[in-house]
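One structure below.
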Amino acid sequence: MPEGDTVFAAAARLRAALEGQRLVRTQFRVPSLATVDLSKRTVRSVRSVGKHLLIDVAGPDDDRPESGAVSIHSHLKMEGSWHVHPSGTRWRRPGFQARVVLRTATHEAVGFELGVLELTETPDGDLAYLGPDLLSDDWDPAEAVRRIESMPEESIGVALLDQRLIAGIGNVYRSELCFLRKVLPTRAVREVDIPSMVELSRRVLWANRLRSARTTTGHTAPNARLWVYGRRGRLCRRCGSPIERGQLGSIGEDRVIYFCPGCQT
Numbered sequence: 001m002p003e004g005d006t007v008f009a010a011a012a013r014l015r016a017a018l019e020g021q022r023l024v025r026t027q028f029r030v031p032s033l034a035t036v037d038l039s040k041r042t043v044r045s046v047r048s049v050g051k052h053l054l055i056d057v058a059g060p061d062d063d064r065p066e067s068g069a070v071s072i073h074s075h076l077k078m079e080g081s082w083h084v085h086p087s088g089t090r091w092r093r094p095g096f097q098a099r100v101v102l103r104t105a106t107h108e109a110v111g112f113e114l115g116v117l118e119l120t121e122t123p124d125g126d127l128a129y130l131g132p133d134l135l136s137d138d139w140d141p142a143e144a145v146r147r148i149e150s151m152p153e154e155s156i157g158v159a160l161l162d163q164r165l166i167a168g169i170g171n172v173y174r175s176e177l178c179f180l181r182k183v184l185p186t187r188a189v190r191e192v193d194i195p196s197m198v199e200l201s202r203r204v205l206w207a208n209r210l211r212s213a214r215t216t217t218g219h220t221a222p223n224a225r226l227w228v229y230g231r232r233g234r235l236c237r238r239c240g241s242p243i244e245r246g247q248l249g250s251i252g253e254d255r256v257i258y259f260c261p262g263c264q265t
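All residue numbers for the sequence shown refer to the numbering used here, where the first residue is 1 and numbers rise by one.
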């Protein structure tokens, strides 16, 4: 499931192939952008902001790169992914799933089934509502703590998923983080040690930011990577209680949550 670490890794791959390179061909396969052509423009930077990915492209005039500069903003949602490969290489996913193709002289980047794909001239302003980015170089733990603690009656499971409070956590990590801190996701924020939760969140996502296989247990075998997520009915790795699954969140949101009724209180 794409979360902050997945997007960070995707940005790193795209950055290595695109940053500083001139685009020789672009194709947007969504109706709202079907006529857009960014060829002959230079990719200035690629960056992740929480679960969002930005590809910053210079304007059409090399002497005035700021004039007409735009950012390609994408969000993977549940099914999206970015693939990078040498130009001419066969795609690893079906062509009908492609939403955008960016080609340089040597490489091609393809965004498949992106949940959000748009162009913006004000990317930082558009994402200013987000809380501190767990994987940012200027990570601000104090601000993350302040934002979460400003909602004392909210459940910690809902607060961790609120990108306005802290950016980068999704369903997998919120289940795992609550288990690691030994608290039920339904516990109120005021009853949780928020500084410790925030510190652990940064540490766990940072450790996984470039891993091919996400792990919270320290083990990388497919059946040993996670403590509780996706393990309903299986025995807790610590106390032996059957892992349970529930729903937590607002209607229309991703609400699934996993927990151990023995270890978490």
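Just so it is clear, CB atoms sit at the ideal spot from N, CA and C, and this is done for glycine as well.
Taking 9 Å as the cut-off, the beta carbon of G230 is found no closer than this to the beta carbon of P242. Taking all protein chains in view, the Cβ of E176 is crowded by 16 or more other Cβ atoms within 10 Å, so the residue is classified as buried.
By the beta-carbon neighbour count (other beta carbons within 10 angstroms, threshold 16), D5 is buried. Annotation: the continuous beta strand (DSSP E) that includes R103 extends over 98 to 103. Boundaries around T6 are those of the alpha helix (DSSP H), 4 to 18, since no beta strand (DSSP E) includes it. Leaving aside the five residues that flank L38 on each side, the residues in its chain whose CB is nearer than 7 Å to its CB run, in chain order, L23, T26, V57. Under the DSSP assignment, W139 falls outside any beta strand (DSSP E); it carries neither an H nor an E label. By the C-beta criterion, the segment 141 to 161 is judged not to be in contact with the segment 205 to 225, since fewer than 3 inter-stretch pairs fall below 8 Å. In the DSSP assignment, R25 is bridged to R103. Per DSSP, reduced to three states, the secondary structure at G111 is strand.
C239 and H52 have their C-alpha atoms roughly 37 Å apart. When P195, G59, S71, C263 are compared, the shortest CA-CA separation from L119 is found for S71. Taking the Cα positions, S74 is about 7 Å away from G115.
Boundaries of the alpha helix (DSSP H) around W206: 194 to 208.
Residue nearest to V7 within the set V189, G246, I169 is I169 (criterion: CA-CA distance).
Annotation: V183 to Q264 spans about 5 Å, alpha carbon to alpha carbon.
When secondary structure is reduced to three states using DSSP, I169 falls in the coil class, being assigned neither helix nor strand. Beta-bridge analysis with DSSP links T42 to R22. Per the C-alpha coordinates, the member of P222, E244, G50 positioned closest to Y129 is G50. Here H83 is near R93, since their CB atoms are less than 9 Å apart. By the criterion of a C-beta distance shorter than 6 Å, R44 is surrounded in its chain by D56, A58, once the five residues flanking it on both sides are discounted. If you check the CB distance, G249 and Y258 do not come in under 9 Å.
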